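**Student:** I am attaching a structure below and will ask some questions about it afterwards.
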Amino acid sequence: MESRKLYEQQVVDELVKWQQKMLSKPSLFDRFSKKIQDRINSWIPEKVHKAITTGIKQMFRLVLFGAGYTTGVTEVLGPLELKEAIIKERINFYKKTAAAEGGITGAGGILSGLADFPLLMGIKIKMLFDIAALYGFDIKDYRERLYILFIFQLAFSSHQTRKEVYLNIADWQQISVELPTDIHQYDWRKFQQEYRDYIDLAKMAQMVPVIGAPVGAIANYSLVKKLGITAMNAYRMRLSTMGKIAPSQTNLLMQ
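Under my numbering, the first residue of the sequence shown carries the number 113, and numbering increases by one thereafter.
Printed below as a string of structure tokens:
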């Protein structure tokens, strides 16, 4: 029992630090990077933006909301420490899978590098499905799949958008009731632009022959690691609001 309390306190400490990071002010580098990326986006023709938005929207709809897309894992019954030990193992598995995929596609240069985008996205979403299920959330529920979409956006957005998304999932019980039932109403243009802006710099060198393989492996590993950490804390926050973390610790989260 004492070990369980110590672990849950450790989780709360990590969660509080993560929450503070989500709400922190953008650094000078963050603001500068955003301005540069906005300028680049302004040079891209509108029809290209629309084509990319449609492509990403269809890809996410297929993976996130396809009737047959699910996960083979189920909730871990036991203390939080056991749940998270298994979840961390799954994240490590997906990090290695993504690194291998990035190395293979990166070795082929531009053409195979382009194939990395949908492959990596599928790996990320599958990992989020597994994490949600292991924590005990029903991914067959439409709103739980939307929550996964919010986690994805939280991990790969600019500082300003990240804060907006965080505030939404922090009040998920209320926000989930107000969400549109039609996925077409989601702001896909903003979603694809934020995601693309975030990964562009990390993935650009993957298109270059010779160096593409190691760059692709490292970039994919790092991106999946970041998403895994974001997902764990997002679900920890859900558990705290549901009273599945000791009351004294939950109170700390609300300060």
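For each residue, glycine too, the CB sits at the ideal point set by N, CA and C.
Owing to the predicted nature of the structure, the values given are computational and were not obtained by experimental measurement.
Cutting at 8 Å between CB atoms, please list the residues of its own chain near methionine 239, excluding the five before and the five after it.
**Tutor:** Indexing the sequence shown from 1 puts residue 239 at position 127. The answer, listed in chain order, is Arg202, Ile203, Tyr206, Val336, Leu339, Gly340, Ala343.
**Student:** Is proline 230 helix, strand or coil when you go by DSSP?
**Tutor:** Taking the first residue of the sequence shown as 1, we reach residue 230 at position 118. In this structure, proline 230 counts as helix in the three-state DSSP scheme.
**Student:** Leucine 231 and glutamate 256 - do their beta-carbons sit closer together than 9 Å?
**Tutor:** For the purposes of this step, residue 256 is taken as the residue at position 144 of the sequence shown. For the purposes of this step, residue 231 is taken as the residue at position 119 of the sequence shown. Result no, Cβ atoms of glutamate 256 and leucine 231 do not sit closer than 9 Å.
**Student:** Under the rule that 16 or more other beta-carbon atoms within 10 Å means buried, what is leucine 194, buried or exposed?
**Tutor:** Here residue 194 refers to the residue found at position 82 when the sequence shown is read from its first residue. Exposed, by the Cβ-count rule.
**Student:** Using CA coordinates, which residue listed in Ala331, Met354, Asp299, Asn345 is at the minimum distance from lysine 169?
**Tutor:** The sequence position of residue 169 within the sequence shown is 57, counting from 1. The shortest C-alpha separation from lysine 169 is found at Asp299.
**Student:** Just the C-alpha distance for leucine 108 and alanine 329, rounded to the nearest angstrom, thanks.
**Tutor:** In this structure the chain extends from 113 to 367, so residue 108 is not present and cannot be described.
**Student:** Do tyrosine 247 and isoleucine 281 have their beta-carbon atoms positioned less than 9 Å apart in this structure?
**Tutor:** Counting from 1 along the sequence shown, the entry for residue 281 is found at position 169. Counting from 1 along the sequence shown, the entry for residue 247 is found at position 135. Cβ distance not < 9 Å, so isoleucine 281 and tyrosine 247 don't count as in contact.
**Student:** Below 8 Å on the Cβ atoms is my contact criterion, and I expect arginine 274 with leucine 127 to pass it. Report the Cβ-Cβ distance as a whole number of Å.
**Tutor:** Your numbering for residue 274 matches position 162 in the sequence shown. Your numbering for residue 127 matches position 15 in the sequence shown. So it is not a contact: roughly 16 Å between Cβ atoms.
**Student:** Going by DSSP in three states, aspartate 299 sits in which element: helix, strand or coil?
**Tutor:** What you label residue 299 is simply residue 187 of the sequence shown in a count that begins at 1. DSSP places aspartate 299 in coil when its eight states are reduced to three.
**Student:** Closest by CA to alanine 211, which one among Lys236, Leu192, Lys200, Val188?
**Tutor:** The sequence position of residue 211 within the sequence shown is 99, counting from 1. Comparing Cα positions, the closest option is Lys236.
**Student:** Just to confirm before moving on: does the CB-CB distance between threonine 183 and phenylalanine 264 stay below 9 Å?
**Tutor:** Working through the sequence shown from its first residue, we reach residue 183 at position 71. Working through the sequence shown from its first residue, we reach residue 264 at position 152. The answer is no: Cβ separation not under 9 Å.
**Student:** Go ahead and pull the three-state DSSP assignment for valine 320.
**Tutor:** Here residue 320 corresponds to residue number 208 of the sequence shown, with the count starting at 1. With a pLDDT of 48 at valine 320, under the threshold of 50, the modelled position of that residue is not reliable, and no figure is offered here.
**Student:** Report the residue from Glu276, Leu351, Glu306, Lys302 whose alpha carbon sits nearest the alpha carbon of glutamine 285.
**Tutor:** On the sequence shown, residue 285 is found 173 positions in, with the first residue counted as 1. Nearest of Glu276, Leu351, Glu306, Lys302 to glutamine 285, Cα basis: Leu351.
**Student:** Is alanine 87 buried or exposed, if buried means 16 or more other CB atoms sit within 10 Å of its CB?
**Tutor:** Since the displayed the chain opens at 113 and closes at 367, residue 87 lies outside it and no answer follows.
**Student:** Excluding the 5 residues preceding and the 5 following tyrosine 254 in the sequence, name in chain order all residues of the same chain whose CB lies nearer than 7 Å to its CB.
**Tutor:** Taking the first residue of the sequence shown as 1, we reach residue 254 at position 142. Same-chain partners within the cutoff: there are none.
**Student:** Tell me the DSSP secondary structure of phenylalanine 172 in three-state form.
**Tutor:** Taking the sequence shown and counting its residues from 1, the one referred to as residue 172 is at position 60. Of the three classes helix, strand and coil, the one that applies to phenylalanine 172 here is helix, per DSSP.
**Student:** If you draw a straight line from the C-alpha of tyrosine 278 to the C-alpha of isoleucine 287, how long is it?
**Tutor:** Residue numbering aside, residue 278 sits at position 166 when the sequence shown is read from its first letter. Residue numbering aside, residue 287 sits at position 175 when the sequence shown is read from its first letter. Cα-Cα distance, rounded: 11 Å.
**Student:** Just how far apart, CA to CA, sit glutamine 272 and phenylalanine 172?
**Tutor:** Against the sequence shown, residue 272 aligns to sequence position 160. Against the sequence shown, residue 172 aligns to sequence position 60. About 23 Å.
**Student:** Go ahead and pull the three-state DSSP assignment for methionine 344.
**Tutor:** Against the sequence shown, residue 344 aligns to sequence position 232. Three-state result, methionine 344: helix.
**Student:** Whole angstroms are fine: how far does the CA of glutamate 158 sit from the CA of threonine 353?
**Tutor:** On the sequence shown, position 241 is the one that residue 353 refers to. On the sequence shown, position 46 is the one that residue 158 refers to. When rounded, the distance between both Cα atoms is 42 Å.
**Student:** Select from Thr186, Ile357, Glu290 the residue whose C-alpha is nearest the C-alpha of lysine 252.
**Tutor:** Numbered from 1 along the sequence shown, position 140 holds the residue referred to as residue 252. For lysine 252, the nearest C-alpha among the options comes from Thr186.
**Student:** Less than 8 Å between the CB atoms is what I'm expecting for asparagine 345 and tryptophan 130, so what's the real figure, rounded?
**Tutor:** As a first step, residue 345 must be located in the sequence shown, where it is residue number 233. As a first step, residue 130 must be located in the sequence shown, where it is residue number 18. Rounded, the Cβ-Cβ distance is 4 Å, consistent with contact.
**Student:** Could you spell out where the alpha helix (DSSP H) holding leucine 291 opens and where it closes?
**Tutor:** Here residue 291 is taken as the residue at index 179 of the sequence shown, counted from 1. Here leucine 291 belongs to no alpha helix (DSSP H), and DSSP marks it neither H nor E.
**Student:** Thinking C-alpha only, which one of Phe262, Ala267, Leu189 is nearest alanine 245?
**Tutor:** Against the sequence shown, residue 245 aligns to sequence position 133. The residue with the shortest Cα to Cα distance from alanine 245 is Leu189.
**Student:** When you compare only the Cα positions, how much space is there between tyrosine 307 and glutamine 121?
**Tutor:** Locating residue 307 in the sequence shown gives position 195, where the first residue counts as 1. Locating residue 121 in the sequence shown gives position 9, where the first residue counts as 1. Approximately 33 Å between the Cα atoms of the pair.
**Student:** Identify whether aspartate 250 lies in helix, strand or coil by the three-state DSSP scheme.
**Tutor:** Here residue 250 refers to the residue found at position 138 of the sequence shown. Coil, per DSSP.
**Student:** Have a look at threonine 166 and aspartate 283 and give me their C-alpha separation to the nearest angstrom.
**Tutor:** Within the sequence shown, residue 166 is the residue found at index 54, counting from 1. Within the sequence shown, residue 283 is the residue found at index 171, counting from 1. Threonine 166 and aspartate 283: Cα-Cα distance of roughly 29 Å.
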